[in-house]
Structures are given as structure tokens and as C-alpha cells.
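A.B. asks:
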Amino acid sequence: MTVLRVEGLAKHFGGLMVLKDVSFDVKAGQKLAMIGPNGAGKTTLLNMIGGQLSVTGGHIFLEDRDITKLSPDRRLHLGVGRSFQINNLFFELSILDNILLALHGAERRHLRMFQRLERRTKMLEEAEHKLELVGLANKRHELLQVQSYGDQRLVELLCAFSGKPKIVLLDEPSAGLPTAEAAAFANVIRRLAGDTTVLFCAHDMDLVFNLADEIMVLYFGEIMTKGSPKAVSADPKVQEIYLGSDESC
0 MTVLRVEGLA KHFGGLMVLK DVSFDVKAGQ KLAMIGPNGA GKTTLLNMIG
50 GQLSVTGGHI FLEDRDITKL SPDRRLHLGV GRSFQINNLF FELSILDNIL
100 LALHGAERRH LRMFQRLERR TKMLEEAEHK LELVGLANKR HELLQVQSYG
150 DQRLVELLCA FSGKPKIVLL DEPSAGLPTA EAAAFANVIR RLAGDTTVLF
200 CAHDMDLVFN LADEIMVLYF GEIMTKGSPK AVSADPKVQE IYLGSDESC
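Quick note on numbering: numbering that gives the first Met the number 0 labels position 26 of the sequence shown as 25, and the sequence is numbered without any gaps.
1) Between which residues of its own chain and C158 is the CB-CB distance below 6 Å, once the five residues before and five after are set aside?
2) Would you mind working out which of V2, I66 and N86 sits nearest D170, comparing C-alpha positions?
3) For N137, count neighbouring Cβ atoms within 10 angstroms of its own Cβ and tell me buried if that reaches 16, exposed if not.
4) Return helix, strand or coil for A32, following the three-state DSSP convention.
5) Any idea what DSSP makes of F83, helix, strand or coil?
6) Can you tell me which of the three DSSP states L130 falls into?
7) Report the option in S22, Q51 and L3 whose CA atom is closest to the CA atom of K30.
8) Quick check: what's the CA-CA separation for Q146 versus G220?
9) If you measure between the beta carbons of K10 and T55, is that distance less than 8 Å?
10) Among all the DSSP beta bridges, which residues are the ones paired with A9?
11) Among residues of its own chain, excluding the 5 on either side of D65, which ones have a beta-carbon nearer than 8 Å to its beta-carbon?
12) For M47, collect the residues of the same chain with a Cβ closer than 8 Å to its Cβ; drop the 5 residues on either side in sequence, then sort them by chain order.
13) Less than 8 Å between the beta carbons of A183 and L210, yes or no?
14) Would you give the residue range spanned by the beta strand (DSSP E) that E213 belongs to?
15) Rounding to the nearest angstrom, what Cα-Cα distance links G75 and S161 in this structure?
16) Whole angstroms are fine: how far does the CA of A201 sit from the CA of L168?
17) Tell me where the beta strand (DSSP E) around D24 begins and ends.
18) What residues in its chain sit with their C-beta under 7 Å from that of N97, if we drop five residues either side in the sequence?
19) Would you kindly report the start and end of the unbroken alpha helix (DSSP H) that includes M0?
20) L153 bridges to which residues according to DSSP?
21) Compute the distance between the beta-carbons of I166 and V79, then report whether it is under 8 Å.
22) Look at the alpha carbon of L73 and the alpha carbon of E141, and state the distance between them as a whole number of angstroms.
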């Protein structure tokens, strides 16, 4: 089953064309990576799918529903999770409170001061379970602002996977991490994702090739190729413009 379908997507900023006629789909449970040199349009594409940027042309479908003009919060409620390259968190709150807020935000219901105790208990159990998955349960009551950057990135991931998303968009999930921590992120994401569909952008080739089922290469706002990691890595054009260079995502 197709979870995400993008048809003829385009984005212009004035006279600057960033994306041109981009079309692809992502199947249920698939882990699709986007790579390409600086300025290829990867983050712009994620922002358009997440609703942070409007489209110039084309359509975005979540399963069979056209979400092209929906707001980011409506997309979140429909099942589009998102993390950002720069942590987008509540640093003055505890780790646990950040996860609880993400769980609340993923629900269709509005926040209520008075809720059934059973519902609040289930949400707390879910939050604590997620923290156990990434080894942060013992820090759950500590303020996020005093945690290491690596732990903050873990919380960003947990928030993205909160609720029951149909697809999660990850922008440079291992950005800024030391090599040793970045190497473990593929396993962390795989553990959190399970059978959840993931579309991510990364310049970390170890992460890309350890996590992705398929790789899509963007170049000057267009899809150059899309295929298995083995096929993409063997493509001479890809090697020339990206894999064999020192450019970052």
C-alpha cells in the first residue's frame, strides 16, 4: 500500500526554482532516504510534505487523501510525524513533559484540563515506554536544557514518532553528533520506527545505507534516480555528483 504519493511537485521562490516536477511514492513500512548535494531541494521537499512550506505546483497525497493545502497540525493529526535538523523542543521542560506534549499534539482532541484518569495513565505509560526504548527513562524528570546534544536529538526523534504516525519525516536526524553516536542512530531509528514508514534526508552515508530500503537522489531540484542502495551506490552519475565528493546534504 502507498502511504505517501507526490505528483508533479514544484517550488519557486520568486524567480528561483528549487523543485521541478518531482513525483514519487513511499510504500507502507518503507525507509526511503533522500541524498544530494547542497541546494538540491531535500529540506524544501520535506517542508512541503510536512506543511511548513506551500507548494507552487503539484499535489501531495497521504494514502488517498489530498493534503496539499492542509496546515501542519492537520497533517500531524492525520499521521504525518516530523523532526527538524535543529531541535524543535521545549528546553525549559523535563524530558518526560516534552514527550507528553508531543503525544497530546498528535491527538485529534484538543488539550483538556480535566481528562479521564485512564487516558492520562495510558499516555504516561506510552511516554515512559518510549523513553525506555532509547535509554532515557532514568532521566525523564530532568530538564531537557541540561542534557547532552545527543540526548536532545533522541527526544526530538521520540516526539516525531509519538502517537501512531503513518509516516515520519526526518531532516538530518544525526546532524551534529560525534561519529560514535551517529553510528548508533540507524539502530535507534529502526527500533522506534518498527513498521512505520520513514522518509529522511541525511548526509551521513553510514546512516543512509544502514537504514534505507531505497535511496532517492535529488539534483538541481529534480529526481536523478531512485532505487536500492546497491543500485544507487553503483550509479556513475551519483558517484560523480555526490558519493565521491566532500559535499554535505
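Backbone N, C-alpha and C define an ideal beta-carbon position, used for all residues, glycine too.
Fair warning: this is a prediction, and the values are worked out from it, not measured in the lab.
C.D. replies: On the basis of the supplied data:
1) The sequence position of residue 158 within the sequence shown is 159, counting from 1. Cβ within range, chain order: A101.
2) Here residue 170 corresponds to residue number 171 of the sequence shown, with the count starting at 1. Comparing Cα-Cα distances from D170 to each of V2, I66 and N86, the minimum goes to N86.
3) Reading the sequence shown from its first residue, position 138 is the one you call residue 137. Answer is exposed; the Cβ neighbour count stays below 16.
4) In the sequence shown, the residue the question calls residue 32 occupies position 33. Strand.
5) Reading the sequence shown from its first residue, position 84 is the one you call residue 83. If DSSP states are grouped into helix, strand and coil, F83 belongs with coil.
6) Locating residue 130 in the sequence shown gives position 131, where the first residue counts as 1. Residue state, collapsed to three classes: helix.
7) Taking the sequence shown and counting its residues from 1, the one referred to as residue 30 is at position 31. The option with the nearest alpha carbon to K30 is L3.
8) Here residue 146 refers to the residue found at position 147 of the sequence shown. Here residue 220 refers to the residue found at position 221 of the sequence shown. Cα to Cα, the separation comes out at about 37 Å.
9) Within the sequence shown, numbered from 1, the residue matching residue 10 stands at position 11. Within the sequence shown, numbered from 1, the residue matching residue 55 stands at position 56. Yes, they are a contact pair.
10) Taking the first residue of the sequence shown as position 1, residue 9 is located at position 10. Beta-bridge pairing links A9 to G56.
11) Here residue 65 refers to the residue found at position 66 when the sequence shown is read from its first residue. Closer than 8 Å at Cβ, skipping near neighbours: H58 and I59.
12) If you number the sequence shown from 1, residue 47 lands on position 48. Answer for M47: L8, K10, L18, S53, V54 and I59, listed in chain order.
13) Numbered from 1 along the sequence shown, position 184 holds the residue referred to as residue 183. Numbered from 1 along the sequence shown, position 211 holds the residue referred to as residue 210. Cβ atoms of A183 and L210: not closer than 8 Å.
14) Working through the sequence shown from its first residue, we reach residue 213 at position 214. That run of the beta strand (DSSP E) goes E213 to Y218.
15) As a first step, residue 75 must be located in the sequence shown, where it is residue number 76. As a first step, residue 161 must be located in the sequence shown, where it is residue number 162. One point to set straight first is that residue 75 is Leu, not Gly, in the sequence displayed. In a straight line, the C-alpha of L75 is about 10 Å away from that of S161.
16) What you label residue 168 is simply residue 169 of the sequence shown in a count that begins at 1. What you label residue 201 is simply residue 202 of the sequence shown in a count that begins at 1. C-alpha separation (whole angstroms): 11 Å.
17) Your numbering for residue 24 matches position 25 in the sequence shown. Counting along the chain, the beta strand (DSSP E) containing D24 begins and ends at L15 to K26.
18) As a working note, residue 97 is residue 98 in the sequence shown. For N97, where only same-chain residues beyond five positions count, the Cβ hits under 7 Å are L88, F89, L143, V154 and C158.
19) Taking the sequence shown and counting its residues from 1, the one referred to as residue 0 is at position 1. No alpha helix (DSSP H) contains M0, which DSSP labels as neither H nor E.
20) Position 154 of the sequence shown, counting from 1, holds the residue named residue 153. For L153, which the question treats as bridged, DSSP gives no partner whatsoever.
21) Your numbering for residue 166 matches position 167 in the sequence shown. Your numbering for residue 79 matches position 80 in the sequence shown. Yes, Cβ-Cβ distance for I166 and V79 is below 8 Å.
22) The sequence position of residue 73 within the sequence shown is 74, counting from 1. The sequence position of residue 141 within the sequence shown is 142, counting from 1. For clarity, residue 73 is Arg in the given sequence; the question names Leu instead. For R73 and E141, the distance between alpha carbons rounds to 31 Å.
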